[in-house]
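J.: In this text, residue positions in the sequence shown follow the UniProt record's numbering: the first is 1, and each later residue adds one. Backbone N, C-alpha and C define an ideal beta-carbon position, used for all residues, glycine too.
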Amino acid sequence: MLAMLLREAVNNIIKHAHATKVTGTLKEAQHIITLIISDNGKGISKPEATLHSIRERAALLDGEVTIKSEQGVTLMIRIPRGDNL
């Protein structure tokens with residue numbers, strides 16, 4: 001499921017962001033897995049109203065999604081570590 005979230009985020013960047021640079025970080029601390037994906041694309045005008053399927057998939061894993069749209073987009077997905085990943 002985590003791979004699906006990553007794939008969808010990268011596909012969105014390719015289709016919509018017009019970015020020239022993408023960075024990603026995956027880490028685990030205190031039983032929380034955090035995936036951070038940033039790009040230097042055009043950003044999102046209403047971050048709270050976008051990326052529904054990413055939010056839904058994260059919610060299935062009891063996760064949360066944070067979106068910041070400043071000079072591109074930073075997407076942070078936090079998911080409790082479990083056997084379902």
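(1) Suppose the cutoff is 8 Å on Cβ atoms and the five residues either side in sequence are ignored; what does the same chain contact list for Ile33 look like?
(2) Can you tell me whether Asp39 is buried or exposed? The criterion is at least 16 other CB atoms within 10 Å of its CB, across all chains shown.
(3) Between Glu8 and Arg55, what straight-line distance do the alpha-carbon atoms span, to the nearest angstrom?
(4) Specify, as a first and last residue, the run of the beta strand (DSSP E) that Ser38 falls within.
(5) Does Ala58 pass the burial test, meaning 16 or more other C-beta atoms within 10 Å, or should it be called exposed?
(6) Under the three-state reduction of DSSP, which class applies to Met1: helix, strand or coil?
(7) May I ask which residues mark the beginning and end of the beta strand (DSSP E) holding Ala29?
T.: Taking the geometry as given:
(1) Leu2, Leu26, Lys27, Arg78, Ile79, Pro80, Arg81 and Leu85
(2) buried
(3) 11 Å
(4) Ile32 to Asp39
(5) buried
(6) coil
(7) Val22 to Ala29
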